[in-house]
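Here the structure is laid out as structure tokens; the discussion comes afterwards.
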Amino acid sequence: MKKVLILNSHSFSDYSCPQKYKLVNIDNLRPLKTKESFYKGTIWALFLEVHYEKIKTNSNVDVLTEVLAKANEAGLNLTLPEALVFYTVYFGYLPAWQHFDYRWKVVATESGFSKVLYEDDENVVLYEGRPDLVVLQDGVLTIVDHKTRSLKSNIPPYNNQVLGYCWGTGARHFTYNYTTWNLEGRCEYSFERESFRIPVNLIKDWEVNAISLAKRILADTEYPKVFDQCNKSFRGLYGSCPYIPLCTTVSPKHNKYIREKRYIVGEDRKSW
Ligand code: SF4
0 MKKVLILNSH
10 SFSDYSCPQK
20 YKLVNIDNLR
30 PLKTKESFYK
40 GTIWALFLEV
50 HYEKIKTNSN
60 VDVLTEVLAK
70 ANEAGLNLTL
80 PEALVFYTVY
90 FGYLPAWQHF
100 DYRWKVVATE
110 SGFSKVLYED
120 DENVVLYEGR
130 PDLVVLQDGV
140 LTIVDHKTRS
150 LKSNIPPYNN
160 QVLGYCWGTG
170 ARHFTYNYTT
180 WNLEGRCEYS
190 FERESFRIPV
200 NLIKDWEVNA
210 ISLAKRILAD
220 TEYPKVFDQC
230 NKSFRGLYGS
240 CPYIPLCTTV
250 SPKHNKYIRE
260 KRYIVGEDRK
270 SW
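So the sequence shown is numbered by numbering that gives the first Met the number 0: it starts at 0 and just counts up by one.
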């Protein structure tokens with residue numbers, strides 16, 4: 000039976016440091032997060048998922064009630080006062096885009112894909128992703144990614160995630176749906192969208208690079224020591240890496256202590 004390796008845009012980014020790839024994808028070690036550190040993006044994405052699903056199914060569901068129910072189902076522990084802050088932003092979002100969204104026919108919300116990237120006699124490599132939203136914009140298949148941000152910095156357009164989503168779904172158009180806000184003190188927010196067409200040759204290049212990376216990961220997984228050996232050469236190169244406290248610890252005893260106090264062993268990371 001063939002061995003199956005499942006990759007996604009996160010695993011490719013992780014592999015920029017093989018040590019990080021091992022910590023995240025093999026050891027399944029996750030930094031302990033505070034509620035605030037991941038709440039904003041997750042809850043806002045839930046609001047938009049419910050909103051566009053409502054449009055797609057032409058339903059009368061109450062968005063706030065549905066978001067609270069879904070958050071509860073997912074164990075997110077969202078309280079009504081917290082949800083009402085997001086609801087205020089949602090009421091700003093609706094008029095901001097109503098003149099534009101009529102051009103969108105919603106095809107799918109939070110719907111995943113899984114596609115064979117590479118196969119040989121012993122291995123199958125699947126590449127997976129779950130775009131936030133897929134629409135037909137004036138009849139053209141377009142992927143929409145909801146992003147929250149507190150700083151005015153746009154994401155580079157032709158990045159690994161965008162190209163992988165286009166490869167996986169066949170779309171050639173991509174839109175970032177930005178919400179910028181400050182929830183501390185006064186609730187200030189603004190909305191912006193950035194759309195672009197992805198040249199086919201970039202998607203082809205992405206596929207070639209992705210296959211080569213997948214082969215390297217397959218080879219490294221056969222000889223796991225490779226992951227450890229990369230540690231020193233990459234250490235400290237990636238300033239925002241959540242594993243810095245682990246990688247900069249010399250004593251094994253202290254390393255064990257930090258692992259237990261600041262990280263948890265999670266489940267296998269799934270794309271969807
Ligand atoms: S801190 Fe540096 S060496 Fe450690 S996982 Fe992150 S990038 Fe890799």
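Think of the CB as a built atom: it goes at the ideal place given N, C-alpha and C, for glycine as much as any other residue.
Is residue i a contact residue of ligand 1, with contact defined as CB to any heavy atom under 6 Å?
| i | result |
| --- | --- |
| Lys19 | yes |
| Tyr272 | Only positions 0 to 271 of the chain appear in the structure, and residue 272 is not among them; the question remains open. |
| Cys246 | yes |
| Cys16 | yes |
Between the C-alpha atoms of residue i and residue j, what's the straight-line distance to the nearest angstrom?
| i | j | result |
| --- | --- | --- |
| Leu217 | Trp166 | 21 Å |
| Gly163 | Ser8 | 7 Å |
| Tyr177 | Lys252 | 44 Å |
| Leu135 | Val106 | 7 Å |
| Arg192 | Ser110 | 21 Å |
| Phe195 | Phe173 | 6 Å |
| Val23 | Arg29 | 7 Å |
| Ile197 | Asn122 | 30 Å |
| Tyr242 | Thr41 | 22 Å |
| Cys246 | Cys16 | 12 Å |
| Lys231 | Lys21 | With a pLDDT of 49 at Lys231, under the threshold of 50, the predicted position of this residue should be treated as unreliable, though the coordinate-derived value follows. About 14 Å. |
| Lys146 | Ile25 | 28 Å |
Which residue wins for smallest C-alpha separation from residue i, given the options the options?
| i | options | result |
| --- | --- | --- |
| Met0 | Val161, Ala70, Asp120 and Thr178 | Asp120 |
| Lys19 | Ile257, Lys39, Cys240 and Glu187 | Cys240 |
| Asn200 | Thr64, Val49, Tyr157 and Tyr38 | Tyr157 |
| Val49 | Val62, Tyr242 and Ile42 | Val62 |
| Thr56 | Lys104, Pro94 and Val66 | Lys104 |
| Gly169 | Leu93, Glu65 and Thr141 | Thr141 |
Could you name the residues of the same chain whose beta carbon sits closer than 8 Å to that of residue i, not counting the 5 residues immediately before and after it, in chain order?
| i | result |
| --- | --- |
| Phe11 | Asn159, Gly163, Ala209 and Leu212 |
| Arg102 | Gln136 and Asp137 |
Label residue i either buried or exposed according to how many other C-beta atoms from any shown protein chain fall within 10 Å of its C-beta, with 16 as the threshold for buried.
| i | result |
| --- | --- |
| Asn59 | exposed |
| Gly74 | exposed |
| Gly128 | buried |
| Val3 | exposed |
| Asp219 | buried |
| Ile202 | buried |
| Asp13 | buried |
By Cβ distance, which residues of its chain are closer than 7 Å to residue i, with the 5 residues on each side in sequence left out?
| i | result |
| --- | --- |
| Tyr51 | Val105, Thr108 and Leu132 |
| Ile263 | Arg29 and Leu31 |
Tell me which residues share the same chain as residue i and place their Cβ nearer than 6 Å to its Cβ, disregarding the 5 neighbours each side in the sequence.
| i | result |
| --- | --- |
| Ser113 | Leu125 and Glu127 |
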